[in-house]
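Q: Residue 331 in this note's numbering sits at position 328 of the sequence shown, and the numbers go up by one each step.
Built from N, CA and C at the ideal position, the CB exists for glycine as well.
This structure is a prediction, so every number in the text was calculated from the model and none was measured.
Mind having a look at this structure? Questions to follow.
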Amino acid sequence: MAELTLRQVKKSYGNVHVLHGIDLDIKSGEFIVFVGPSGCGKSTLLRTIAGLEDITSGELKIDGEVVNDVPPSRRGIAMVFQSYALYPHMTVYDNMAFGMRIARESKAEIDRRVRQAAEILQLTKYLDRLPRAMSGGQRQRVAIGRAIVRNPKVFLFDEPLSNLDAALRVATRIEIAKLKETMPATTMIYVTHDQVEAMTLADRIVVLKDGNVEQVGTPMELYKKPGNLFVAQFIGSPAMNVLPATVEKAGTATLLSHSGGRRTTVPIATPAGAQGGAVTFGVRPEDLAIATGADHLFEGRVDYVEQLGEVQLVYVDTGRGGEPLVAKLPGNAEVRRGAMLRLAAEPRDLHIFDGEGRSFLGREAAAEAA
Ligand code: ADP
Numbered sequence: 004m005a006e007l008t009l010r011q012v013k014k015s016y017g018n019v020h021v022l023h024g025i026d027l028d029i030k031s032g033e034f035i036v037f038v039g040p041s042g043c044g045k046s047t048l049l050r051t052i053a054g055l056e057d058i059t060s061g062e063l064k065i066d067g068e069v070v071n072d073v074p075p076s077r078r079g080i081a082m083v084f085q086s087y088a089l090y091p092h093m094t095v096y097d098n099m100a101f102g103m104r105i106a107r108e109s110k111a112e113i114d115r116r117v118r119q120a121a122e123i124l125q126l127t128k129y130l131d132r133l134p135r136a137m138s139g140g141q142r143q144r145v146a147i148g149r150a151i152v153r154n155p156k157v158f159l160f161d162e163p164l165s166n167l168d169a170a171l172r173v174a175t176r177i178e179i180a181k182l183k184e185t186m187p188a189t190t191m192i193y194v195t196h197d198q199v200e201a202m203t204l205a206d207r208i209v210v211l212k213d214g215n216v217e218q219v220g221t222p223m224e225l226y227k228k229p230g231n232l233f234v235a236q237f238i239g240s241p242a243m244n245v246l247p248a249t250v251e252k253a254g255t256a257t258l259l260s261h262s263g264g265r266r267t268t269v270p271i272a273t274p275a276g277a278q279g280g281a282v283t284f285g286v287r288p289e290d291l292a293i294a295t296g297a298d299h300l301f302e303g304r305v306d307y308v309e310q311l312g313e314v315q316l317v318y319v320d321t322g323r324g325g326e327p328l329v330a331k332l333p334g335n336a337e338v339r340r341g342a343m344l345r346l347a348a349e350p351r352d353l354h355i356f357d358g359e360g361r362s363f364l365g366r367e368a369a370a371e372a373a
């Protein structure tokens, strides 16, 4: 069991500022995922927690103890990397036992823990194999096993699935989700650029951008109530449609005009000061449906259709210029390229962001919490 506290953690390499003051509270036993685009500082943040990088300023606590200057080996942490880095000439058993042998653990204790880890990871029948006789997914499980036997308080994963092909990635992702269930007391922090991994694995997701935390929340909080445009478009695939709009009437619900003068009432409160102002209006592709009644949100020509079987991604040109809208419609819906299409959405699924890209919904929630 271990909780982590980060206060104003900054990291610079010379005059390259990578982390700009990260504040974060991670509860004991939580599965936290750091997600963000390449170069946003995820790995650096993980490596500062592991102690593989010094912190330039700020404070990092594990279980209440400041560990800024504690070496990695004394932090109670085990890390799994993208490259499994197994010893090629050692069997699976020996790869997993290696660290404990160095630490001069008893033979019986080593055997007990290796077999227990192998059991959890379904590696028991491979214990005598060499890594080269195993698939990428199995090798990554051995690397995870090597970390488990150390009985860490905190488990760190740095993009562990990126070297695997698509099918193995899904299978290993499920293994990691089950691992979390078999080790409920262990705090886990997982870095990925893949929002699907973040959504499926995390208790809470930390979205990072340019060395700053954009939002922290459960997968569904981030999906349903993204605090800003960046999070809105990062979580969910295809990304949320966003388009310019004007606030015709602010209030407890907001009347917007968008797409060549269409008007829509959105059940999100906006302050009086927002009236007449330019905002961004957002709706997820999966929240759009073919309009059945007279009341539709968008009308446009079908520009392109990507049929995926179960669903089809329909690109609609509303004639307003810019990117086409994307609608995720059932695979069997009749949609013809070149035809006009009317799309509707439930008002509760609509989003509004201010001129700085901050959600009005997020602000209302923040005001309530304060
Ligand atoms: P991510 O894991 O999100 O892809 P990283 O944490 O690896 O991002 O890197 C964040 C930024 O820090 C990048 O712009 C990278 O170039 C920079 N960076 C990482 N390590 C160093 C280093 N040793 N020296 C200088 N810049 C670095």
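#1: Would you say residue 210 touches the ligand ADP, meaning its beta carbon is less than 8 angstroms from a heavy atom?
#2: Using the Cα positions of residue 341 and residue 285, report the straight-line distance between them to the nearest angstrom.
#3: Taking the Cβ atom as the reference point for each residue, do residue 363 and residue 277 lie within a distance shorter than 9 angstroms?
#4: Would you say residue 99 and residue 132 are within 9 angstroms of each other, going by their C-beta atoms?
#5: Considering only residues of the same chain and omitting the five flanking positions on each side of residue 373, which have a CB-CB separation below 7 angstroms?
#6: Judging by CA-CA distance, which residue of 121, 302 and 34 is the nearest neighbour of residue 262?
#7: Just to be sure I understand the criterion: a residue counts if its Cβ is closer than 5 angstroms to at least one heavy atom of the ligand ADP. Which residues meet that?
#8: Under 8 angstroms by Cβ, that's how I've got residue 116 and residue 137 pegged, so tell me the actual separation to the nearest angstrom.
#9: Measuring CB atoms only, is the stretch 8-19 touching the stretch 164-178, in the sense that at least three cross pairs come out at less than 8 angstroms?
#10: Which whole-angstrom value is the C-beta distance of residue 79 and residue 65, which I expect to be below 8 angstroms?
#11: With a cut-off of 8 angstroms on the beta carbons, I'd call residue 91 and residue 134 a contact; round off their distance for me.
#12: Mind checking which residues open and close the alpha helix (DSSP H) that includes residue 382?
#13: When DSSP labels each residue in this structure, what does residue 21 get in the three-state scheme?
#14: Spatial neighbours of residue 348 within its chain, please: CB distance less than 8 angstroms, with the 5 preceding and 5 following residues excluded, ordered by chain position.
#15: Is it buried or exposed for residue 46, if we count other Cβ within 10 angstroms and need 16 for buried?
#16: Going by C-alpha to C-alpha distance, which of 298, 296 and 338 sits closest to residue 310?
#17: Which runs of the beta strand (DSSP E) at least 3 residues long sit entirely within the stretch 29-82? Give them in chain order.
#18: Rounded to a whole number of angstroms, what is the C-alpha to C-alpha distance between residue 224 and residue 106?
#19: How would you call residue 188, buried or exposed, if buried means at least 16 neighbouring beta carbons within 10 angstroms?
#20: Runs of 3 residues minimum, wholly inside the stretch 222-256: which ones carry the beta strand (DSSP E) assignment?
#21: Using the rule of at least 16 other Cβ atoms within 10 Å of the residue's Cβ for burial, across every protein chain shown, is residue 307 buried or exposed?
#22: Could you have a look at residue 364 and say whether DSSP puts it in helix, strand or coil?
#23: If we require 3 or more residues per run, which beta strand (DSSP E) segments fall completely within the stretch 260-337?
#24: Check for me: the alpha helix (DSSP H) holding residue 344 runs from which residue to which?
#25: Should residue 93 and residue 160 be called a contact, given that it needs their Cβ atoms to be closer than 9 angstroms?
#26: Looking at the unbroken alpha helix (DSSP H) that takes in residue 158, where does it start and where does it end?
#27: Use the C-beta contact count for residue 202: other C-beta atoms within 10 angstroms, 16 or more gives buried, fewer gives exposed.
#28: For the alpha helix (DSSP H) that contains residue 116, what are its first and last residues?
#29: Is the distance from the Cβ of residue 146 to the Cβ of residue 87 below 9 angstroms?
#30: Could you round the C-beta distance between residue 157 and residue 190 to whole angstroms and report it? I think they count as a contact, below 8 angstroms.
#31: In chain order, what residues of the same chain lie with their CB nearer than 8 angstroms to the CB of residue 144, ignoring the 5 residues before and after it?
#32: Taking only three categories from DSSP, how would you classify residue 193?
#33: Less than 9 angstroms between the C-beta atoms of residue 218 and residue 199, yes or no?
#34: Pick from 119, 73, 245 and 121: whose alpha carbon is nearest that of residue 353?
#35: Measuring straight from C-alpha to C-alpha, what distance separates residue 280 and residue 298?
#36: Flag this pair as yes or no: are the beta carbons of residue 22 and residue 48 separated by less than 9 angstroms?
A: Checking against the coordinates, here is how it stands:
#1: Taking the sequence shown and counting its residues from 1, the one referred to as residue 210 is at position 207. Distance from the C-beta of residue 210 to the nearest heavy atom of the ligand ADP is not below 8 angstroms.
#2: Here residue 341 refers to the residue found at position 338 when the sequence shown is read from its first residue. Here residue 285 refers to the residue found at position 282 when the sequence shown is read from its first residue. For residue 341 and residue 285, the distance between alpha carbons rounds to 24 angstroms.
#3: Translated into positions along the sequence shown, residue 363 becomes position 360. Translated into positions along the sequence shown, residue 277 becomes position 274. Contact: yes.
#4: Against the sequence shown, residue 99 aligns to sequence position 96. Against the sequence shown, residue 132 aligns to sequence position 129. No; because the gap between Cβ atoms is not below 9 angstroms, this pair is not in contact.
#5: Here residue 373 refers to the residue found at position 370 when the sequence shown is read from its first residue. Low confidence applies to residue 373: its pLDDT is 44, below 50, so where it sits in the model is not reliable, and the reading given next is rough at best. There are no such residues.
#6: Taking the sequence shown and counting its residues from 1, one reaches residue 262 at position 259. When only C-alpha atoms are compared, the closest one is 302.
#7: Ordered along the chain, the selected set is 16, 19, 21, 41, 42, 43, 44, 45, 46 and 47.
#8: Start at 1 with the first residue of the sequence shown, and residue 116 comes out as number 113. Start at 1 with the first residue of the sequence shown, and residue 137 comes out as number 134. About 20 angstroms separates the two Cβ atoms, so there is no contact after all.
#9: Not touching, per the Cβ criterion.
#10: Residue 79 sits at position 76 when you count from the first residue of the sequence shown. Residue 65 sits at position 62 when you count from the first residue of the sequence shown. The C-beta distance from residue 79 to residue 65 rounds to 7 angstroms, short enough to fall under 8 angstroms.
#11: Residue numbering aside, residue 91 sits at position 88 when the sequence shown is read from its first letter. Residue numbering aside, residue 134 sits at position 131 when the sequence shown is read from its first letter. Rounded, the Cβ-Cβ distance is 6 angstroms, consistent with contact.
#12: The question about residue 382 has no answer here: the residues shown for the chain are numbered 4 through 373.
#13: One-based indexing of the sequence shown puts residue 21 at position 18. Looking at residue 21 - three-state DSSP - the assignment turns out to be strand.
#14: Translated into positions along the sequence shown, residue 348 becomes position 345. The residues are 286, 290, 291, 292 and 300.
#15: Position 43 of the sequence shown, counted from the first residue, corresponds to residue 46. Burial of residue 46 is indicated by the presence of at least 16 other C-beta atoms within 10 angstroms of its C-beta.
#16: For the purposes of this step, residue 310 is taken as the residue at position 307 of the sequence shown. For residue 310, the closest of 298, 296 and 338 by C-alpha to C-alpha distance is 338.
#17: Whole beta strand (DSSP E) segments, 3+ residues: 34-38 and 60-65.
#18: As a working note, residue 224 is residue 221 in the sequence shown. As a working note, residue 106 is residue 103 in the sequence shown. One C-alpha to the other measures close to 43 angstroms.
#19: Here residue 188 refers to the residue found at position 185 of the sequence shown. Result: exposed.
#20: Those beta strand (DSSP E) runs which fall completely within the stretch 222-256 and span 3+ residues are 244-252.
#21: Position 304 of the sequence shown, counted from the first residue, corresponds to residue 307. With fewer than 16 other Cβ atoms within 10 Å, it is exposed.
#22: Residue mapping note: residue 364 aligns to position 361 of the sequence shown, counting from 1. When secondary structure is reduced to three states using DSSP, residue 364 falls in the helix class.
#23: Entirely contained in the stretch 260-337, the beta strand (DSSP E) runs reaching 3 residues are, in chain order, 265-269, 281-286, 301-310, 314-320 and 328-333.
#24: Counting from 1 along the sequence shown, the entry for residue 344 is found at position 341. Where residue 344 is concerned, there is no enclosing alpha helix (DSSP H), although the beta strand (DSSP E) around it starts and stops at 343-347.
#25: Indexing the sequence shown from 1 puts residue 93 at position 90. Indexing the sequence shown from 1 puts residue 160 at position 157. Not in contact: residue 93 and residue 160 (Cβ atoms no closer than 9 angstroms).
#26: Position 155 of the sequence shown, counting from 1, holds the residue named residue 158. Where residue 158 is concerned, there is no enclosing alpha helix (DSSP H), although the beta strand (DSSP E) it sits in stretches over 157-161.
#27: Taking the sequence shown and counting its residues from 1, the one referred to as residue 202 is at position 199. Buried, by the Cβ-count rule.
#28: Position 113 of the sequence shown, counted from the start, is the residue given in the question as residue 116. Segment 110-123, the alpha helix (DSSP H) holding residue 116.
#29: Residue numbering aside, residue 146 sits at position 143 when the sequence shown is read from its first letter. Residue numbering aside, residue 87 sits at position 84 when the sequence shown is read from its first letter. Residue 87 is positioned such that its CB atom lies closer than 9 angstroms to that of residue 146.
#30: Along the sequence shown, read from residue 1 onward, the residue named residue 157 stands at position 154. Along the sequence shown, read from residue 1 onward, the residue named residue 190 stands at position 187. About 5 angstroms separates the beta carbons of residue 157 and residue 190, which is inside the 8 angstroms limit, making them a contact pair.
#31: Here residue 144 refers to the residue found at position 141 of the sequence shown. If the five residues before and after residue 144 are omitted, its C-beta is found closer than 8 angstroms to the C-beta atoms of 124, 125, 126, 175 and 178, all from its own chain and listed in chain order.
#32: Against the sequence shown, residue 193 aligns to sequence position 190. Strand.
#33: Against the sequence shown, residue 218 aligns to sequence position 215. Against the sequence shown, residue 199 aligns to sequence position 196. With contacts defined by Cβ atoms closer than 9 angstroms, residue 218 and residue 199 do not form a contacting pair.
#34: The residue given as residue 353 occupies position 350 in the sequence shown. Residue nearest to residue 353 within the set 119, 73, 245 and 121 is 245 (criterion: CA-CA distance).
#35: What you label residue 280 is simply residue 277 of the sequence shown in a count that begins at 1. What you label residue 298 is simply residue 295 of the sequence shown in a count that begins at 1. For residue 280 and residue 298, the distance between alpha carbons rounds to 25 angstroms.
#36: Counted from its first residue, the sequence shown places residue 22 at position 19. Counted from its first residue, the sequence shown places residue 48 at position 45. At the C-beta level, residue 22 and residue 48 come within 9 angstroms of one another.
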